[in-house]
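Position one of the sequence shown corresponds to residue 1302 (the numbering used here), numbered consecutively onward.
All C-beta atoms in this analysis are idealised placements derived from N, C-alpha and C, irrespective of residue type, glycine included.
Single-structure report; data block below.
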Amino acid sequence: MFDLVSKDLRAVTGRDRFILFGRFPVPGRTKTRLIPFLGPLGAAELHRHLMERTFDEARSAAVSSGTVLEINFEGRETALMRRWLGAGPVYSRQGGGDLGKRMEAAFRKAFLEGCSRAVLFGADIPGLSAGILKQAMELLEDRDIVLGPSTDGGYWLVGLKRHADIFGEISWGSGEVLAQTLDKAEAKGLSIALLDPLTDIDTLEDLQGLLPGWGIERHYLSVIIPTLNEAACIEETVTQALCPEAEVIVVDGGSADGTREAAVRAGARVLESGAGRGVQQNCGAEKARGRVLLFLHADTLLPEGYVRHVFETLLDRRAVLGAFRFKSDLEGAGAKVLDALVNFRSRCLRMPYGDQAFFMRRDVFQEAGGFAQVPIAEDYFFVRRARGQGCRIATAEVAVTTSGRRWKKKGFLRTTLINQIILAGIALRISPHALARIYQGGRARARL
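Written out as structure tokens, the structure is:
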């Protein structure tokens, strides 16, 4: 039977209702027909986008019309659904059976709770708007049933003002769904209203026609690694990052030690640009083909299954920028203190640094204007600008492992002191070029 998750029935009883049919975007279980083209994570990312867009339109329609919004979802990810879409709507789990039985159960429950009109719709219709939803509800004042025809012979919306037996013995998934439903409704003497036809996204052709650009990515994520004389570590870093869901782009700033050749051997796509981490990362972002960008230092190793951690972290709709927890490869008490301090700064103060591997959706990076082209602390400037724009910064539950070579070379206390001097200098608006010389002890190349 249908399982209502909301504990406050008084808030929904007797009120008109919009019912959004959907599911939590689990890779491999959503938009399965598009997995051969987008991959499991790419298909899940598409579902996330469509679900969020439809939810926003439905919420707008519900608020402006005083109607209840119910999210009726498959699976048992109740807490995840609520964390993903927020605490505003009513959440309920779908019952068992085919699509018809699940829709019938949703309507039956709504009418048993005193609802006088209910409109149910799916999440994969890019053309759906708040205005269309309100139009469907208004048509139910004079008609018994309203249907939104889809161009493939089905329908993307159905509205009722009383329980009606129209969901049984329908060839779900075929091009006869709308015609069979209309025949049933007419046989029962129900008055019918039809909305304008819309197209739902089932095939690659649908996707490319309705959402240009979504069907061209070969990968969900692009890992961008700026390098300058990193031959000693780049192969391991690239190898750790390579996976079916991600492309790895190494952007070299003029190495003379075989870094580019080592990166190619490891399987990376290698680009060349002017030196400077900000310059190189912007270059990689411009050439990237993934919907999500991850900026990785050459001496930092990503955790196993990192792509899914990126996906899950960005499911928090408030999170615009993400980073991993920090862990150095150093040993001893000093290393534990360092790890704890960095993770406190990242999680509590929302100020991660570049050696924690930033990640964000490509459109967010473009809207932010990319990294500043400064010789030092480009990561700090980027995060500060993101925070200034009201962006929420999230930290993943797993850690990257960053080389402690700089701490080993200069000493733990000295390195930490230099870092704090650099941060103080930035706060005092000292030139980044002057700070770079301090950081490197007079050498031209800077790196925070």
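Work out the CA separation of residue j and residue i for me, nearest whole Å.
| i | j | result |
| --- | --- | --- |
| Leu1448 | Phe1422 | 10 Å |
| Arg1561 | Ala1532 | 8 Å |
| Ile1761 | Val1524 | Here the chain has residues from 1302 to 1749 only, and residue 1761 is not among them. |
| Ser1556 | Gly1655 | 21 Å |
| Val1675 | Arg1663 | 21 Å |
| Glu1536 | Gly1568 | 9 Å |
| Leu1597 | Met1652 | 16 Å |
| Arg1646 | Gly1670 | 24 Å |
| Ala1735 | Ile1719 | 13 Å |
| Leu1386 | Lys1588 | 32 Å |
| Glu1613 | Glu1546 | 14 Å |
| Ser1475 | Val1369 | 31 Å |
| Gly1635 | Thr1528 | 28 Å |
| Arg1685 | Ala1624 | 14 Å |
| Pro1341 | Gly1606 | 13 Å |
Tell me whether the beta-carbon of residue i lies closer than 7 Å to the beta-carbon of residue j.
| i | j | result |
| --- | --- | --- |
| Val1665 | His1610 | no |
| Glu1573 | Asp1558 | no |
| Gly1401 | Ile1502 | no |
| Leu1543 | Ala1494 | no |
Is it right to say residue i is buried, meaning 16 or more other beta carbons lie within 10 angstroms of its own, or is it exposed?
| i | result |
| --- | --- |
| Ala1641 | exposed |
| Phe1660 | buried |
| Arg1349 | buried |
| Ser1365 | exposed |
| Asp1600 | buried |
| Cys1649 | exposed |
| Thr1355 | buried |
| Gly1585 | buried |
| Gly1591 | buried |
| Glu1548 | buried |
| Glu1346 | buried |
| Leu1310 | Because Leu1310 sits at a pLDDT of 45, beneath the cut-off of 50, its placement in the model cannot be relied upon, and the following sentence gives the value as read from the coordinates. Result: exposed. |
| Leu1729 | exposed |
| Gln1667 | exposed |
Sort the options by Cα distance to residue i and report the nearest one.
| i | options | result |
| --- | --- | --- |
| Trp1515 | Val1571, Asp1466, Gly1343, Ile1433 | Gly1343 |
| Ser1451 | Asp1466, Cys1584, Ala1480, Glu1470 | Ala1480 |
| Gly1455 | Phe1468, Ala1406, Val1478 | Val1478 |
| Phe1322 | Cys1416, Cys1692, Ala1424 | Ala1424 |
| Thr1540 | Ala1488, Leu1602, Gln1509 | Leu1602 |
| Ile1433 | Asp1443, Val1420, Lys1410, Arg1444 | Val1420 |
| Phe1325 | Leu1370, Arg1318, Gly1376 | Gly1376 |
| Arg1570 | Gly1726, Ile1526, Leu1595, Met1438 | Ile1526 |
| Ser1521 | Phe1338, Arg1706, Ile1727 | The residue you asked about is not Ser; residue 1521 is Tyr in the sequence shown. Comparing Cα positions, the closest option is Phe1338. |
| Gly1367 | Asp1317, Lys1332, Gly1387 | Asp1317 |
| Arg1619 | Asn1644, Arg1693, Ala1576, Glu1546 | Arg1693 |
| Ala1678 | Leu1639, Ala1725, Gly1705 | Ala1725 |
| Ser1492 | Leu1512, Ile1467, Leu1508 | Ile1467 |
So is the beta-carbon of residue i under 6 Å away from any non-hydrogen atom of the ligand ZN?
| i | result |
| --- | --- |
| Ile1320 | Annotation note on the ligand ZN: not contained in the displayed structure, which lists no ligands. |
* Mind pulling the beta strand (DSSP E) runs of 3 or more residues that sit fully within the region 1357-1421? -> 1369-1375, 1391-1394
* To do: Would you mind listing the beta strand (DSSP E) stretches within the region 1536-1590 that are 3+ residues and don't spill past its ends, in chain order?
  => 1547-1553, 1570-1573
* If you scan the region 1629-1670 from start to end, which runs of the beta strand (DSSP E) of 3 or more residues do you find wholly inside it? -> 1659-1662
* beta strand (DSSP E) runs wholly inside the region 1313-1357, at least 3 long, in chain order -> 1318-1324
* Asked: Residue ranges of each beta strand (DSSP E) run of no fewer than 3 residues wholly in the region 1427-1462, ordered along the chain?
  -> 1446-1450, 1456-1461
* Report the residue ranges of all beta strand (DSSP E) runs contained in full by the region 1482-1531; include only those spanning at least 3 residues, in chain order. => 1493-1495, 1522-1528
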